[in-house]
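Below is one structure, written out as structure tokens; the observations come after it.
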Amino acid sequence: MNIIIFGPPGAGKGTQSNFIVEKFNLFQISTGKILREEIKNKTETGKKISNLMSSGSLVEDKVVNKLIEDIVSDKKYINGFIFDGYPRNLDQANNLNTLLKKYNQKIDIVLKLSVSLEVVKKRIFERQTIENRPDDNENVAIKRYKTYEKSTEPVIEYYKKLNLLKVIEGERSIDQINKEISDIIAII
Ligand code: ADP
-13 MNIIIFGPPG AGKGTQSNFI VEKFNLFQIS TGKILREEIK NKTETGKKIS NLMSSGSLVE
47 DKVVNKLIED IVSDKKYING FIFDGYPRNL DQANNLNTLL KKYNQKIDIV LKLSVSLEVV
107 KKRIFERQTI ENRPDDNENV AIKRYKTYEK STEPVIEYYK KLNLLKVIEG ERSIDQINKE
167 ISDIIAII
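Shown next, in the form of structure tokens:
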């Protein structure tokens, strides 16, 4: 089973993905997390993307697509994936299609956590003090939200047309959202 989870910055994708991974024994691919590791480890890629990321822009498709292929092609992850933060634009969605075909897999369900910009701002303000991410300040958060609307919403529309999309009201408690997601996945 392969799942994609969408949602604006601060929607709680990470929190929900962690929960799904545990409960359904999947493997999480969070491009944001992978990219932050590259920066932390001061790799060549890390050095190139650090400024882009802290300003709230997307990292080049070429870089992200390569990271994804490295994981999807690895036979040790046979239980399925939850893609968190990927695909973020239509080019990445096309790339994911190609990859999944190549490795004989498909997407079974697409979840979208729906959260307003007002709530995003509030959550990112709170998260700033805990996680200390350089892209968690108000202006950058607004930019990331706008990028999400412009680049990622069309990808969500694409999955909606394929009848794979479930929209989840993301402004409720973590437990309530956990429960709804569990119920959805359990019947796949
Ligand atoms: P959020 O969803 O809160 O913005 P992420 O951890 O998913 O946080 O992503 C943080 C940043 O990492 C993005 O603003 C972007 O710069 C980069 N990034 C993550 N995933 C991608 C992707 N699929 N394509 C391009 N850039 C990405």
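Take the sequence shown: its letters are residues -13 to 174, numbered as in this note's numbering.
Cβ coordinates follow ideal geometry from the N, Cα and C atoms, glycine included.
So what does DSSP say about residue i, is it helix, strand or coil?
{"i": "residue 91", "result": "coil"}
{"i": "residue 174", "result": "coil"}
{"i": "residue 70", "result": "strand"}
{"i": "residue 44", "result": "coil"}
{"i": "residue 145", "result": "helix"}
{"i": "residue 29", "result": "coil"}
{"i": "residue 195", "result": "What is shown of the chain runs -13 to 174, which leaves residue 195 out entirely."}
{"i": "residue 119", "result": "coil"}
{"i": "residue 137", "result": "helix"}
{"i": "residue 81", "result": "helix"}
{"i": "residue 75", "result": "coil"}
{"i": "residue 168", "result": "helix"}
Examine the ligand ADP and report whether any of its heavy atoms sits within less than 7 Å of the Cβ of residue i.
{"i": "residue 38", "result": "yes"}
{"i": "residue 45", "result": "yes"}
{"i": "residue 108", "result": "no"}
{"i": "residue 17", "result": "yes"}
{"i": "residue 121", "result": "yes"}
{"i": "residue 21", "result": "yes"}
{"i": "residue -5", "result": "yes"}
{"i": "residue 72", "result": "yes"}
{"i": "residue 7", "result": "no"}
{"i": "residue 153", "result": "no"}
{"i": "residue 78", "result": "yes"}
{"i": "residue 156", "result": "no"}
{"i": "residue 28", "result": "no"}
{"i": "residue -2", "result": "no"}
I'd like to confirm the pairing. Which residues does DSSP put opposite residue i in its beta bridges?
{"i": "residue 99", "result": "154"}
{"i": "residue -8", "result": "98"}
Is residue i near the ligand MN, in the sense that its beta carbon is under 7 Å from a heavy atom of that ligand?
{"i": "residue 105", "result": "As for the ligand MN, it is missing from this structure, which binds only the ligand ADP."}
With a threshold of 16 other CB atoms inside 10 Å of the CB of residue i, please say whether the residue is buried or exposed.
{"i": "residue 172", "result": "exposed"}
{"i": "residue 117", "result": "exposed"}
{"i": "residue 168", "result": "exposed"}
{"i": "residue 78", "result": "buried"}
{"i": "residue 82", "result": "buried"}
{"i": "residue 125", "result": "exposed"}
{"i": "residue 46", "result": "exposed"}
{"i": "residue 212", "result": "Since the first residue of the chain shown is -13 and the last is 174, residue 212 is not available in this structure."}
{"i": "residue 158", "result": "exposed"}
{"i": "residue 177", "result": "As displayed, the chain neither begins before -13 nor continues past 174, which places residue 177 out of reach and without an answer."}
{"i": "residue 89", "result": "exposed"}
Got a sec, what are the start and stop residues for the beta strand (DSSP E) residue i sits in?
{"i": "residue 16", "result": "13 to 16"}
Just to confirm the assignment, what range does the alpha helix (DSSP H) spanning residue i have?
{"i": "residue 56", "result": "47 to 58"}
{"i": "residue 63", "result": "From DSSP, residue 63 is part of no alpha helix (DSSP H); its letter is neither H nor E."}
{"i": "residue 0", "result": "-1 to 10"}
{"i": "residue 132", "result": "124 to 133"}
Please check if any C-beta of chain B sits within less than 8 Å of the C-beta of residue i.
{"i": "residue 20", "result": "In summary, chain B is missing from the structure at hand, where a single protein chain is found."}
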